[in-house]
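Chains as they are written, first to last, in our numbering: chain F, 74 to 349; chain U, 26 to 278.
Ideal Cβ placement from N, Cα and C applies to all residues, glycine included.
Fair warning: this is a prediction, and the values are worked out from it, not measured in the lab.
These notes are about the structure you will find just below.
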């Protein structure tokens, strides 16, 4: 198993004691594509980032088991984490505008990632950067390698980000809302690209999003989170038979193009969803 | 209510909007869809008076628009932006945010209007003295809508009003927008890249590509696939494909 999580709990100190941001979360991940879906504040990003132990410094993490390929994340030292972060597990963030270095060319950033994790000469890294840009389906990789982030469109920036994450040849890719800042057409292109790369390289994928129908097209399984808990885990193909009212609510509240809805169904939140 | 004829906007050598024409009836919702960079927001900004560098003819309520607008124009036409995190002043309370348009336009009964404004967008009175960072994304967008309604406008220009929100909150805001339109006879121009959102709220839709309005069609025609331009057909196909959850046989029950 690439990732094994059992009974994960993440807490933050507040004025009135500790509050749970994530509780009782358990799942395992192999070479497969897992979607984590939920609204803002449901704990989906925290759960995924706990695998890299990239949490705010005041977060308190406890778990019966939190392992990446057999390495105990909770007890791992910084050196051990360094061999996972970026190297064996890559993280793609939402907005390339903020996650790329604005004063380095795209090629230089990818080459840097290559050299940090794999070593080798500057020349070799530059060549590898261009090759990676070609792999993320950029038509003119030599030209894009010389461009600065502000000269790139959102979709292009996200491709550069993905190329950078692929440089060390990771086993796991965590994509945290990789397309929320992009429009529908580019969104589909980027998700297809991620899906394709993950399948071809035999990586594991955790795709985080708030758009349930969208995620189901690119994942094998979907975990639906609500208020820090996984309320339901379903195979993507069985989504229409999801049982939890929250999952159903997420599907029903969307306006659709194929059939007209005079009024959108607004989710009625049941306090009992918080417990169980 | 709104007439746009031959609107062009240039940024340096780039022509962002190329001779665009459409009109919107009173009380109607008109939607503009297109990809990033197609010029849809630029149209809205020219219409709202945020960008004075345009050519062509535009009029609102029969009155032609000049690059510089009257104070009354800014009362009758209000805009709601995509990101409520960016469009609300972080150091002003909701009370201050809502009273500002009233002070600018010299309107009376500030107290009563603020309470009614909050009530209309279904926000509790208790948030009146909070700051934007103390509110959720959905509450913030409601405050932005309440602020736009404060000066009793006739036209609301909506630039991606729900794309920064969670899908469950999006449903609430879209329902709110249709209720408010009914209650106040508002005219909407809605810009979005989400076809389903636009078709839900608007009866007529314009499709933009690279600064040009390539097709004008009704929401019913768009739903039924009666499109004439290949770009509209492509946008529609993608939207339909991705809005349905994946099923085993590719069959949608």
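List the endpoints of the continuous alpha helix (DSSP H) containing residue 270 of chain U.
As a position in the second chain, residue 270 of chain U is number 245, starting the count at 1. Premise fails: residue 270 of chain U is in no alpha helix (DSSP H) and is neither H nor E.
Whole-angstrom Cβ separation of residue 280 of chain F and residue 103 of chain F, contact assumed at under 8 Å?
For the purposes of this step, residue 280 of chain F is taken as residue 207 along the first chain, with counting starting at 1. For the purposes of this step, residue 103 of chain F is taken as residue 30 along the first chain, with counting starting at 1. The Cβ separation is near 15 Å, so there is no contact.
Going along chain U, which residues have a C-beta under 9 Å from residue 339 of chain F?
On the first chain, position 266 is the one that residue 339 of chain F refers to. Per Cβ cutoff of 9 Å: 193, 196, 197, 200.
In the DSSP assignment, the alpha helix (DSSP H) including residue 230 of chain F goes from what residue to what residue?
Taking the first residue of the first chain as 1, we reach residue 230 of chain F at position 157. Taken as a continuous stretch (DSSP letters only), the alpha helix (DSSP H) holding residue 230 of chain F covers 227-239.
Any C-beta of chain U under 8 Å from that of residue 329 of chain F
Counted from its first residue, the first chain places residue 329 of chain F at position 256. Judged by the 8 Å Cβ criterion, residue 329 of chain F is in contact with chain U.
Taking 8 Å as the threshold (beta carbon to beta carbon), is residue 221 of chain U in contact with chain F?
By 1-based counting over the second chain, the position of residue 221 of chain U is 196. Using beta-carbon distances, residue 221 of chain U counts as an interface residue toward chain F, with a partner under 8 Å.
With 16 other Cβ atoms within 10 Å as the buried cut-off, status of residue 219 of chain U:
Walking along the second chain from the start, residue 219 of chain U turns up at place 194. It counts as buried.
Can the beta-carbon of residue 253 of chain U be found less than 8 Å from the beta-carbon of residue 240 of chain U?
As a working note, residue 253 of chain U is residue 228 in the second chain. As a working note, residue 240 of chain U is residue 215 in the second chain. Residue 240 of chain U sits close to residue 253 of chain U, with the two beta carbons spaced by under 8 Å.
Can you list, in chain order, the residues of its chain whose CB lies under 8 Å from that of residue 209 of chain F, leaving out five sequence neighbours each side?
Counted from its first residue, the first chain places residue 209 of chain F at position 136. Non-local beta-carbon contacts of residue 209 of chain F in its own chain, meaning distances under 8 Å to residues more than five positions away in sequence, involve 232, 233, 235, 236, 239, 266, 270 in chain order.
8 Å CB neighbourhood of residue 105 of chain F in its chain, flanking five on each side removed
Locating residue 105 of chain F in the first chain gives position 32, counting from the first residue. 277, 278, 293, 294, listed in sequence order.
Tell me which residues share the same chain as residue 168 of chain F and place their Cβ nearer than 6 Å to its Cβ, disregarding the 5 neighbours each side in the sequence.
Reading the first chain from its first residue, position 95 is the one you call residue 168 of chain F. Answer for residue 168 of chain F: 254, listed in chain order.
Could you list which residues in chain F have their beta carbon closer than 9 Å to that of residue 261 of chain U, in chain order?
Reading the second chain from its first residue, position 236 is the one you call residue 261 of chain U. Here the neighbours are 330.
Answer yes if the segment 249-264 of chain F comes into contact with the segment 176-183 of chain F, meaning at least three C-beta pairs across the two stretches below 8 Å, and no otherwise.
Inter-segment contact for the segment 176-183 of chain F and the segment 249-264 of chain F is absent: fewer than three beta-carbon pairs are separated by less than 8 Å.
Measuring only the C-alpha atoms, how far is residue 194 of chain F from residue 188 of chain F?
Locating residue 194 of chain F in the first chain gives position 121, where the first residue counts as 1. Locating residue 188 of chain F in the first chain gives position 115, where the first residue counts as 1. Cα to Cα, the separation comes out at about 8 Å.
Nearest neighbour of residue 30 of chain U, chosen from U/159, U/46, U/40 [CA to CA]:
Against the second chain, residue 30 of chain U aligns to sequence position 5. The shortest Cα separation from residue 30 of chain U among U/159, U/46, U/40 belongs to U/46.
Who are the neighbours of residue 160 of chain U on chain F, taking C-beta pairs under 9 Å?
For the purposes of this step, residue 160 of chain U is taken as the residue at position 135 of the second chain. In chain order: nothing, as chain F lies at least about 12 Å away.
At 8 Å on the CB atoms, spell out the chain F contacts of residue 33 of chain U, in chain order.
Looking up residue 33 of chain U in the second chain gives position 8. Under a criterion of Cβ atoms nearer than 8 Å, no residue of chain F is adjacent to residue 33 of chain U; the nearest Cβ is some 23 Å distant.
Residue range of the unbroken beta strand (DSSP E) whose run includes residue 101 of chain U:
As a first step, residue 101 of chain U must be located in the second chain, where it is residue number 76. Looking at the DSSP string, residue 101 of chain U is not in any beta strand (DSSP E); the run it does join, the alpha helix (DSSP H), is 96-101.
For residue 230 of chain U, does the three-state DSSP call read helix, strand or coil?
Stepping through the second chain from its first residue, residue 230 of chain U is reached at position 205. Looking at residue 230 of chain U - three-state DSSP - the assignment turns out to be strand.
Inter-stretch contact (C-beta, 8 Å, three-pair minimum) for the segment 298-310 of chain F and the segment 128-139 of chain F:
The answer is no - the segment 128-139 of chain F does not touch the segment 298-310 of chain F, with fewer than three Cβ pairs under 8 Å.
State the DSSP-derived secondary structure class of residue 212 of chain U, mapped to helix, strand or coil.
Numbered from 1 along the second chain, position 187 holds the residue referred to as residue 212 of chain U. If DSSP states are grouped into helix, strand and coil, residue 212 of chain U belongs with the strands.
Would you please state the rounded distance, in angstroms, between the beta carbons of residue 171 of chain F and residue 76 of chain F? I believe it to be under 8 Å.
Looking up residue 171 of chain F in the first chain gives position 98. Looking up residue 76 of chain F in the first chain gives position 3. Not really, about 26 Å apart at Cβ, beyond 8 Å.
Quick one: what does DSSP say residue 307 of chain F is sitting in, helix, strand or coil?
Within the first chain, numbered from 1, the residue matching residue 307 of chain F stands at position 234. Note: residue 307 of chain F maps to strand in three-state DSSP.
Three-state class that DSSP yields for residue 334 of chain F in the structure shown:
Working through the first chain from its first residue, we reach residue 334 of chain F at position 261. In the structure shown, residue 334 of chain F sits in coil (DSSP, three-state: anything other than H, G, I, E or B).
Determine the direct distance from the alpha carbon of residue 137 of chain F to that of residue 219 of chain F, and round the result to whole angstroms.
Working through the first chain from its first residue, we reach residue 219 of chain F at position 146. Working through the first chain from its first residue, we reach residue 137 of chain F at position 64. Cα to Cα, the separation comes out at about 47 Å.
Is the Cβ-Cβ distance between residue 54 of chain U and residue 207 of chain U less than 8 Å?
As a working note, residue 54 of chain U is residue 29 in the second chain. As a working note, residue 207 of chain U is residue 182 in the second chain. Not in contact: residue 54 of chain U and residue 207 of chain U (Cβ atoms no closer than 8 Å).
Taking the alpha-carbon positions, what's the residue 271 of chain U to residue 321 of chain F distance?
As a working note, residue 271 of chain U is residue 246 in the second chain. As a working note, residue 321 of chain F is residue 248 in the first chain. Our two residues, residue 271 of chain U and residue 321 of chain F, have alpha carbons roughly 14 Å apart in a direct line.
Rounded to whole angstroms, what's the CA-CA distance from residue 265 of chain U to residue 197 of chain F? Just pull it up for me.
Counting from 1 along the second chain, the entry for residue 265 of chain U is found at position 240. Counting from 1 along the first chain, the entry for residue 197 of chain F is found at position 124. Using only the alpha carbons, I get a separation of about 44 Å.
Between which two residues does the beta strand (DSSP E) harbouring residue 84 of chain F extend?
For the purposes of this step, residue 84 of chain F is taken as the residue at position 11 of the first chain. First-last of the beta strand (DSSP E) with residue 84 of chain F: 76-87.
By the criterion of Cβ-Cβ separation under 9 Å, what are the contact partners of residue 215 of chain F in chain U?
Along the first chain, one-based indexing puts residue 215 of chain F at 142. Result: empty, since nearest Cβ-Cβ is about 24 Å, beyond 9 Å.
On the premise that residue 171 of chain U lies in contact with residue 197 of chain U, defined as a C-beta separation below 8 Å, what is that separation, rounded to the nearest angstrom?
Along the second chain, one-based indexing puts residue 197 of chain U at 172. Along the second chain, one-based indexing puts residue 171 of chain U at 146. With a Cβ gap of about 14 Å, residue 197 of chain U and residue 171 of chain U do not count as contacting.
First and last residue of the alpha helix (DSSP H) that includes residue 154 of chain F?
Walking along the first chain from the start, residue 154 of chain F turns up at place 81. For residue 154 of chain F, the enclosing alpha helix (DSSP H) covers residues 151-155.
Going by DSSP, what residues sit across from residue 28 of chain U in a beta bridge?
To locate residue 28 of chain U, count along the second chain from 1; it is residue 3. Answer is U/48, U/84.
Can you confirm whether residue 252 of chain F, when its beta carbon is compared against all beta carbons of chain U, has any partner nearer than 8 Å?
Looking up residue 252 of chain F in the first chain gives position 179. So, not an interface residue.
Identify whether residue 224 of chain F lies in helix, strand or coil by the three-state DSSP scheme.
Here residue 224 of chain F corresponds to residue number 151 of the first chain, with the count starting at 1. Secondary structure of residue 224 of chain F (DSSP, three-state): helix.
DSSP state of residue 318 of chain F, grouped into three classes?
The residue you call residue 318 of chain F lines up with position 245 of the first chain. Assignment of residue 318 of chain F by DSSP, reduced to helix, strand and coil, places it in the helix class.
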